[in-house]
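A.B. asks: Just dropping this structure here.
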Amino acid sequence: MTTQQPVLVRVTTRREQPAVSEATIPPEEVALETRKLSVYYGNFKAIHEVSVSIRRNHITALIGPSGCGKSTLLRSFNRMNDLIPGARVEGEALFHGANLYDKHVDPVSVRRRIGMVFQKPNPFPKTIYENVAFGLRLDGKRRSKAEMDEIVERALRGAALWDEVKDKLNKLGTALSGGQQQRLCIARAIAIEPEIILMDEPCSALDPVATLKIEELMLELKKNYTIIIVTHNMQQASRVSDYTAMMLMRPDRAGEVIEFDRTEVIFTNPKDKRTEDYISGRFG
Ligand SMILES: Nc1ncnc2c1ncn2[C@@H]1O[C@H](COP(=O)(O)OP(=O)(O)OP(=O)(O)O)[C@@H](O)[C@H]1O
Ligand SMILES: [Mg+2]
11 MTTQQPVLVR VTTRREQPAV SEATIPPEEV ALETRKLSVY YGNFKAIHEV
61 SVSIRRNHIT ALIGPSGCGK STLLRSFNRM NDLIPGARVE GEALFHGANL
111 YDKHVDPVSV RRRIGMVFQK PNPFPKTIYE NVAFGLRLDG KRRSKAEMDE
161 IVERALRGAA LWDEVKDKLN KLGTALSGGQ QQRLCIARAI AIEPEIILMD
211 EPCSALDPVA TLKIEELMLE LKKNYTIIIV THNMQQASRV SDYTAMMLMR
261 PDRAGEVIEF DRTEVIFTNP KDKRTEDYIS GRFG
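Given below as structure tokens:
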């Protein structure tokens, strides 16, 4: 999906440089940009004024110690936090020039365009075919069986799962291995052709072989999608991502991005000593 859709309302805001971004991303290549984005759970501030730019058709990793707000920040990129009672967002998340948090924006359409894959593979208790077709059945468009078959096959091929499941599309998705289930969830996410895919520790429940498969898949997917991944695995971040946002908790326990740069810079020449300490395993 590359064309703009009417669901998002244009807003005019002054362009200002992200506070922590040292990496210059050409403005026309920015897929998503936050400006002083803060997230609260009730009175608790979980995220403090994050300003980052996400580059289209690249992979951005969010890293940092447990509890620093990685999942919270990731969920704020597609209004998934709306589903948590008491969660509230301040600041802006700009997508095609519109603030996702503008009151006219429909969160359901946001989530169609910015999809999500979770830590634990969560296929529905339905057939492999129906898992992939699920999102397509919700958009109200009529499609012939042949069209559906084609989209399902394309999504499964895109998720590098087709060859393993093509003879058992009517078997339960939940009966697949963990790694296959995660690729099925990726197929489900890409079937509706989002622009951005958010992944929250997508490999943490997988063995090293399945993990490598997902990593290879991500490198393939970035040709067509923008990917943001939360990972605790430093090798994974350095292997797959192009940009890295290093997050830490402030003394008031709100998480912030302390450094954002190209991944090779973060891993070889970070500007902040705390980033160096974290990636070299000295804390966290
Ligand atoms: N639903 C919620 N309600 C209230 N507080 C929450 C909720 N989810 C997260 N928090 C709090 O927000 C902060 C950030 O949590 P978050 O899950 O985003 O961290 P994280 O970096 O993803 O951690 P981990 O690496 O352990 O997954 C933590 O202090 C957490 O306790
Ligand atoms: Mg998390």
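Read in the working numbering, the sequence shown has 259 at position 249, and its numbers run on one by one without any break.
Cβ atoms here follow ideal geometry from the backbone N, Cα and C, with glycine treated the same way.
1) Give the C-beta separation of alanine 97 and glycine 79 to the nearest angstrom, bearing in mind that I take them to be a contact with Cβ-Cβ under 8 Å.
2) Taking the straight line between their C-alpha atoms, what separation do you get for proline 75 and arginine 198?
3) Looking at the structure shown, is threonine 70 part of a helix, part of a strand, or coil, going by DSSP?
4) Does DSSP put asparagine 147 in a helix, in a strand, or in coil?
5) By the DSSP assignment, the beta strand (DSSP E) with isoleucine 202 in it spans what residues?
6) In this structure, does DSSP put lysine 281 in helix, strand or coil?
7) If you count every other CB in all the chains shown that lies within 10 Å of the CB of isoleucine 94, and 16 or more means buried, which is it?
8) Within the structure, which residues are defined as neighbours of ligand 1 by a Cβ-heavy atom distance below 5 Å, reported in chain order?
9) Asparagine 279 to leucine 194, Cα distance in whole Å?
10) Between the stretch 117-129 and the stretch 201-212, do at least 3 Cβ pairs fall closer than 8 Å?
11) Less than 8 Å separating the beta-carbons of isoleucine 268 and aspartate 282?
12) Would you list, in sequence order, the uninterrupted beta strand (DSSP E) runs of no fewer than 3 residues that lie entirely inside the stretch 87-115?
13) From Val49, Val62, Lys46, pick the residue whose C-alpha is nearest to that of isoleucine 35; which is it?
14) Under a three-way DSSP split, which group does glycine 183 fall into?
15) Specify the secondary structure class of histidine 272 as computed by DSSP and reduced to three states.
16) Suppose the cutoff is 7 Å on Cβ atoms and the five residues either side in sequence are ignored; what does the same chain contact list for arginine 284 look like?
17) Given a cut-off of 8 Å, decide if lysine 136 and glycine 183 are closer than it, judged by their beta-carbon atoms.
18) Which residue marks the beginning of the alpha helix (DSSP H) containing arginine 123, and which one marks its end?
19) Under 7 Å from any heavy atom of ligand 2, does the C-beta of aspartate 210 make it?
20) So, under 8 Å CB-CB, glycine 150 and isoleucine 200 are touching, yes? Tell me the CB distance rounded to an integer number of Å.
21) Taking the continuous alpha helix (DSSP H) assigned at leucine 231, which residues delimit it?
22) Once you ignore the five residues that flank arginine 292 on each side, which residues in its own chain have a CB closer than 7 Å to its CB?
23) From which residue to which residue does the beta strand (DSSP E) around glutamate 43 run?
24) By DSSP's criteria, proline 65 is part of a beta bridge. Which residues make up the other side?
25) Taking 7 Å as the cut-off, does the CB of valine 240 come closer than this to any heavy atom belonging to ligand 2?
C.D. replies: From the atom records:
1) Contact flag wrong, Cβ pair sits at about 12 Å.
2) Rounded to the nearest angstrom, the two C-alpha atoms are 30 Å apart.
3) Strand at threonine 70.
4) Sequence check: residue 147 is arginine here, not asparagine. Helix at arginine 147.
5) In the DSSP assignment, isoleucine 202 falls outside any beta strand (DSSP E), carrying neither H nor E.
6) Looking at lysine 281 - three-state DSSP - the assignment turns out to be coil, as it is neither helix nor strand.
7) By the 10 Å Cβ count, isoleucine 94 comes out exposed.
8) With 5 Å as the limit, the residues whose C-beta approaches any heavy atom of ligand 1 more closely are Tyr51, Ala56, Ser76, Gly77, Cys78, Gly79, Lys80, Ser81, Thr82, Ile94, in sequence along the chain.
9) Looking at the backbone, the Cα of asparagine 279 and that of leucine 194 are separated by about 37 Å.
10) Remark: three or more beta-carbon pairs, one from each stretch, lie closer than 8 Å, so the stretch 117-129 and the stretch 201-212 are flagged as touching.
11) Closer than 8 Å, so yes.
12) With a minimum length of 3 residues, the unbroken runs of beta strand (DSSP E) contained wholly in the stretch 87-115 fall at 97-105.
13) Residue Val62 is the option with its Cα nearest to isoleucine 35.
14) Three-state result, glycine 183: helix.
15) The amino acid occupying residue 272 in the given sequence is arginine; histidine does not appear at that position. Three-state result, arginine 272: strand.
16) Short of 7 Å from the beta carbon of arginine 284, and not among the five residues preceding or following it, lie these beta carbons of its own chain, in chain order: Leu258, Ile268.
17) Using a Cβ distance threshold of 8 Å, glycine 183 and lysine 136 count as a contacting pair.
18) Per DSSP, arginine 123 belongs to the alpha helix (DSSP H) from 117-123.
19) Answer for aspartate 210: yes, Cβ within range of ligand 2.
20) Actually they do not touch by this definition, with Cβ atoms about 20 Å apart.
21) Residue range 218-231 is occupied by the alpha helix (DSSP H) that includes leucine 231.
22) Excluding sequence positions up to five before and after arginine 292, its CB lies less than 7 Å from no other CB in the same chain.
23) Start and end: 40-51.
24) It is arginine, not proline, that sits at residue 65 in the sequence shown. Residue pairing by DSSP places arginine 65 opposite Val40 in a beta bridge.
25) Using a cutoff of 7 Å, the CB of valine 240 counts as near ligand 2, since one of the ligand's heavy atoms is closer than that.
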